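Residue numbers (our numbering): 96 to 371.
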Amino acid sequence: MKPSDKMIELFEGATVVLTGAASGIGRALATLLYQCGATIHAFDINQNGLDELVGSLSGKNGKIHPRCVSVSDLAEYSLAVDEVYKISPKVDFLFNNAGVTLLGEAQNLPFERWKWLLDINLMGVVNGTHLIYPKMIAEGSGHIINTASIAGSTGYATAAAYTASKGAVLEFSRSLRAEACNHGIRISVACPGYVNSSIFSQDRIVGADRESMIKDLPVRMLTPEMAAWGFLDGVVKNKEKIIFPFTAKFLWTLSCWTPSLLGIFHRRFMRIFQRH
96 MKPSDKMIEL FEGATVVLTG AASGIGRALA TLLYQCGATI HAFDINQNGL DELVGSLSGK
156 NGKIHPRCVS VSDLAEYSLA VDEVYKISPK VDFLFNNAGV TLLGEAQNLP FERWKWLLDI
216 NLMGVVNGTH LIYPKMIAEG SGHIINTASI AGSTGYATAA AYTASKGAVL EFSRSLRAEA
276 CNHGIRISVA CPGYVNSSIF SQDRIVGADR ESMIKDLPVR MLTPEMAAWG FLDGVVKNKE
336 KIIFPFTAKF LWTLSCWTPS LLGIFHRRFM RIFQRH
C-alpha cells in the first residue's frame, strides 16, 4: 500500500525511532515511513530481519539506520538511543511497536515465558519512553505512538499474559497523555484487530495447533501492510486511540457497554485449546 499525500506531508524529513522493525507491522511501518521520506532508526533484536528490511527498500525517498537492539535491555537500548542523537538532532516520532504474543491457558504457561512477554510488551514501551520522552519535552514537541491491541480492552481467553501487557499499555498511554499535553507532546495508542504476522508463530502457542487457532478466529485477519496504513492514518489525524478496522471498533464498543456479550468469543477460543 502506498502512503497518502497527508502521510507524506507529515513524515517527510521527520526522524522516527521504530521498534520491532524487522517483521510484521513494524516492517510494514518502516517501509511506509521510508516511502514518505522519513529518516528511520529501525530497532529490532533480529539482525537478519533488519538486513532483509534494508534490502527490500528501493529508491531515495527516506533514510534508514538499522540497529540490533533488545528493547527489554535498558542499558543496550540506552546506547542505541545515544547513537540516534549523534545522527539526528531530535526525534519527532517514537513508535513503541516491538511486541510478542503467548497463547495458552494460564496454568500451562511457564513463568519464564510470562516474564519474557511482559519485559518486551510492557517494559519495552516504558524503556523507550523513559529514554526519549524527556528529550522530546526539552524540544517542546514530539509524538509517541504505542502499539497495544483491541485484545487489551476486550480480554482474550487463552491470552492472559498478552492481554495483561496490552491493557497496561492502554492505561499507560492514557495517563501519559494527560501529562504530555502540558509539554506539547502528543501520545497515541494503536489498537488494531487481528493481524496476520509472525507474532502468531507456533512456538508462541501452548496447547493448540496454530492453523486450527487461525481458522477459528471470529474475524478476518489484516495484513501487516493494511495495519501499518491504519497506524499512520491515525497518526495523521492525531487520534488518541487508533482503533481499526470496523470489527475492532465493534469489539471495543462491546467491551465498554456490554462486555458480557464477549463471552461468546471467549468460549470459542477456549474450545480450540480444549480439543488438544
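For each residue, glycine too, the CB sits at the ideal point set by N, CA and C. Just so we're clear, the structure is a prediction, and the values are computed from it rather than from any experiment.
What is the DSSP secondary structure of Asp139, reduced to helix, strand or coil? Stepping through the sequence shown from its first residue, residue 139 is reached at position 44. Three-state result, Asp139: strand.
Classify Pro161 as helix, strand or coil using the three-state DSSP reduction. Residue 161 sits at position 66 when you count from the first residue of the sequence shown. Residue state, collapsed to three classes: strand.
_Bridge partners - Ala285, DSSP secondary structure assignment_ = As a first step, residue 285 is located in the sequence shown; it is residue number 190 there, counting from the start. Looking at the DSSP assignment, Ala285 forms a beta bridge with Thr242 and Ile337.
Exercise for the section: Indicate the three-state DSSP secondary structure (helix, strand or coil) for Val112 in the structure shown. Expected result: For this step, residue 112 is matched to residue 17 along the sequence shown. Strand, per DSSP.
- Who are the Cβ neighbours of Glu234 in its own chain at under 6 angstroms, not counting the five residues just before and after it? In the sequence shown, the residue the question calls residue 234 occupies position 139. So the qualifying residues of the chain are Lys185.
**Asked** Residue range of the beta strand (DSSP E) that Asn191 falls in?
**Response** Locating residue 191 in the sequence shown gives position 96, where the first residue counts as 1. Looking at the DSSP string, the run of the beta strand (DSSP E) that includes Asn191 is Phe188 to Asn191.
Buried or exposed: where does Thr353 fall if 16 or more other Cβ atoms within 10 Å of its Cβ makes it buried?
Position 258 of the sequence shown, counting from 1, holds the residue named residue 353. By the neighbour-count definition (other C-beta atoms within 10 Å, threshold 16), Thr353 is an exposed residue.
### Query
From which residue to which residue does the alpha helix (DSSP H) around Glu107 run?
Translated into positions along the sequence shown, residue 107 becomes position 12. Careful: Glu107 lies outside any alpha helix (DSSP H) and carries neither H nor E.
Practice prompt. Report all residues from its chain with a CB closer than 7 angstroms to the CB of Met102; omit the five preceding and five following residues, and keep chain order.
Written response: Translated into positions along the sequence shown, residue 102 becomes position 7. Once the five neighbours on either side are set aside, the close Cβ partners of Met102 are Cys131, Leu327 and Val331.
Relative to the C-alpha of Gly329, which residue among Pro161, His238 and Tyr228 is closest?
As a first step, residue 329 is located in the sequence shown; it is residue number 234 there, counting from the start. Considering only alpha carbons, the answer is His238.
Residue interval of the alpha helix (DSSP H) (run including Ala263):
As a first step, residue 263 is located in the sequence shown; it is residue number 168 there, counting from the start. Residues Ala255 to Ala275.
Using 8 angstroms as the threshold, is the C-beta distance between Ile215 and Ser167 below it? Start at 1 with the first residue of the sequence shown, and residue 215 comes out as number 120. Start at 1 with the first residue of the sequence shown, and residue 167 comes out as number 72. Closer than 8 angstroms, so yes.
ask   = Less than 8 angstroms separating the beta-carbons of Asn241 and Val176?
value = Translated into the one-based positions of the sequence shown, residue 241 becomes position 146. Translated into the one-based positions of the sequence shown, residue 176 becomes position 81. No, Cβ-Cβ distance for Asn241 and Val176 is not below 8 angstroms.
TODO: Please state whether DSSP places Thr134 in a helix, a strand or coil.
DONE: Your numbering for residue 134 matches position 39 in the sequence shown. Looking at Thr134 - three-state DSSP - the assignment turns out to be strand.
field: Closest Cα partner of His278 within the set Lys261, Met316 and Tyr228
entry: The residue given as residue 278 occupies position 183 in the sequence shown. Cα-wise, what sits closest to His278 is Tyr228.
According to DSSP, simplified to helix, strand and coil, what is Val166? Numbered from 1 along the sequence shown, position 71 holds the residue referred to as residue 166. Coil.
message = By the three-class DSSP mapping on this structure, what secondary structure does Val195 have?
response = Against the sequence shown, residue 195 aligns to sequence position 100. DSSP places Val195 in coil when its eight states are reduced to three.
Counting only the same chain and skipping the five closest in sequence on each side, list residues whose C-beta sits under 6 angstroms from that of His160.
Within the sequence shown, residue 160 is the residue found at index 65, counting from 1. The answer, listed in chain order, is His136.
### Three-way DSSP call (helix, strand, coil) for Leu152 in this model
Taking the sequence shown and counting its residues from 1, one reaches residue 152 at position 57. DSSP places Leu152 in coil when its eight states are reduced to three.
(message) Tell me the DSSP secondary structure of Leu128 in three-state form.
(response) The sequence position of residue 128 within the sequence shown is 33, counting from 1. If DSSP states are grouped into helix, strand and coil, Leu128 belongs with the helices.
Where does Leu317 fall in DSSP's three states? Position 222 of the sequence shown, counted from the start, is the residue given in the question as residue 317. Strand at Leu317.
Within the same chain, show all residues whose beta-carbon is closer than 6 angstroms to that of Thr110, passing over the 5 residues directly before and after it, in chain order. Looking up residue 110 in the sequence shown gives position 15. Here the set comprises Thr134, Ser183, Val186 and Asp187.
| message | Need the endpoints of the alpha helix (DSSP H) that Gly372 sits in, please. | response | A query on residue 372 cannot be resolved here, the shown segment of the chain reaching from 96 to 371 and no further.
Check your understanding: Can you find at least 3 beta carbon pairs, one from the stretch 316–323 and one from the stretch 259–268, that sit closer than 8 angstroms?
Key -> No, the stretch 316–323 does not touch the stretch 259–268.
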